[in-house]
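> I have a structure here, written as structure tokens, and I will follow up with some questions on it.
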Amino acid sequence: MTTAQWPGLFISFEGIDGAGKSTHIGALAAAFKAKGRAVTLTREPGGTPLAETLRTLVLNDAMDPLTEALLMFAARRDHLSCVILPALARGDVVLCDRFTDATFAYQGGGRGFDEAVLKQLEIMVQGTAGLDATLLVQPELTVWFDLAPEEAAKRLAGARVPDKFESQPVEFFRRVADGYARRFIAEPRRFARIDAGQTQSAVWQDVHAVFVAKGWLV
Ligand code: TMP
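First residue of the sequence shown: 409, per my numbering; consecutive thereafter.
What follows is the structure in structure tokens.
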């Protein structure tokens, strides 16, 4: 099942830390509101009181890779059932800063955690009919801000106190970027790949053009 079965629109945004997605997500929220659409602007891990508590833990505390993956999916489950699905049922445009592709990229790619286990967790958390992997709640569109890890590291340097992930070496982000690329190759129709190495205004033009081409912001 995709969210096309709900009146709302589910869109996620992905990329390695430093790829610069936040400004554009805010601009898209404003553009949808200007068209009269109700917008739910949210993020992962987070988006509910419980999931924000889990976010603080997972971004700051040391833990083994399975615990990290379980907490990401626990936060996602709460977020889906308390925020995302009700918003889609109301007809909102849900703009979600990261979703499950981030788990495959960071925990799968970055940490090297078993992707078959992540797949099982994805089915448990997003599945709608037992273990039928074809019936998953997934974004209708995932905007992937693709940026070279070296460039992201330059942008992040000195920007703020880094969290557990932001303080990882560039090799970690190379594996994360490869993880995103694998998701993109596996499901090219769900993804819009944006060259995030351009100027901010050029990136915005590309992002906006994707939404216009979909007929969502004409
Ligand atoms: P943010 O800083 O973009 O809000 O993302 C929080 C961090 O959490 C970011 O470094 C990516 C990481 N993350 C994961 O490792 N796995 C996940 O499933 C999600 C959603 C985020």
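C-beta: ideal position from N, C-alpha, C; glycine also. Quantities reported herein were computed from a predicted structural model and do not represent experimental measurements.
According to DSSP, simplified to helix, strand and coil, what is Trp414?
Taking the first residue of the sequence shown as 1, we reach residue 414 at position 6. DSSP places Trp414 in coil when its eight states are reduced to three.
> Hey, how far is the Cα of Ile424 from the Cα of Gly499?
Within the sequence shown, numbered from 1, the residue matching residue 424 stands at position 16. Within the sequence shown, numbered from 1, the residue matching residue 499 stands at position 91. Their Cα atoms are separated by approximately 30 Å.
> Identify whether Trp552 lies in helix, strand or coil by the three-state DSSP scheme.
For the purposes of this step, residue 552 is taken as the residue at position 144 of the sequence shown. Looking at Trp552 - three-state DSSP - the assignment turns out to be strand.
> Rounding to the nearest angstrom, what Cα-Cα distance links Asp603 and Val569 in this structure?
Sequence index remark: in the sequence shown, residue 603 carries index 195 (1-based). Sequence index remark: in the sequence shown, residue 569 carries index 161 (1-based). Cα-Cα distance, rounded: 26 Å.
> Helix, strand or coil for Gly428? Go by DSSP, reduced to three states.
To locate residue 428, count along the sequence shown from 1; it is residue 20. Three-state result, Gly428: coil.
> Phe573 by DSSP, collapsed to three states: which one?
Within the sequence shown, numbered from 1, the residue matching residue 573 stands at position 165. Note: Phe573 maps to coil in three-state DSSP.
> With a 10 Å radius around its C-beta and 16 neighbouring C-beta atoms as the bar for buried, classify Ile433 as buried or exposed.
Residue mapping note: residue 433 aligns to position 25 of the sequence shown, counting from 1. That one is buried.
> Please classify Leu539 as buried or exposed, where buried requires at least 16 neighbouring CB atoms within 10 angstroms.
Mapped onto the sequence shown, residue 539 falls at position 131. Low local confidence applies: a pLDDT of 48 at Leu539 is under 50, so the model's placement there is unreliable, and no value is given.
> Three Cβ pairs or more, each shorter than 8 Å: is that satisfied between the segment 557-565 and the segment 520-539?
Touching, no, given that fewer than three Cβ pairs across the two stretches are closer than 8 Å.
> Pick helix, strand or coil for Arg445, following the three-state DSSP scheme.
The residue labelled residue 445 in the question sits at position 37 within the sequence shown. Here Arg445 sits in coil by DSSP.
> Taking Ala599 as part of the beta strand (DSSP E), name the residues at either end of that continuous run.
Here residue 599 refers to the residue found at position 191 when the sequence shown is read from its first residue. A small fix is needed here, since residue 599 is Phe in this sequence, not Ala. Note, Phe599: beta strand (DSSP E), 599-603.
> Going by DSSP in three states, Arg591 sits in which element: helix, strand or coil?
For the purposes of this step, residue 591 is identified with residue 183 of the sequence shown, where counting begins at 1. Of the three classes helix, strand and coil, the one that applies to Arg591 here is helix, per DSSP.
> Using CA atoms only, rank isn't needed, just tell me which of Val545, Leu549, Leu449 is closest to Arg598.
As a first step, residue 598 must be located in the sequence shown, where it is residue number 190. Nearest of Val545, Leu549, Leu449 to Arg598, Cα basis: Leu549.
> Glu460: beta carbon under 7 Å from a heavy atom of ligand 1?
The residue given as residue 460 occupies position 52 in the sequence shown. Not under cutoff, so the answer is no.
> What are the residues that DSSP puts in a beta bridge with Thr387?
This structure does not reach residue 387, given that the chain is present from 409 up to 626, and the question cannot be answered.
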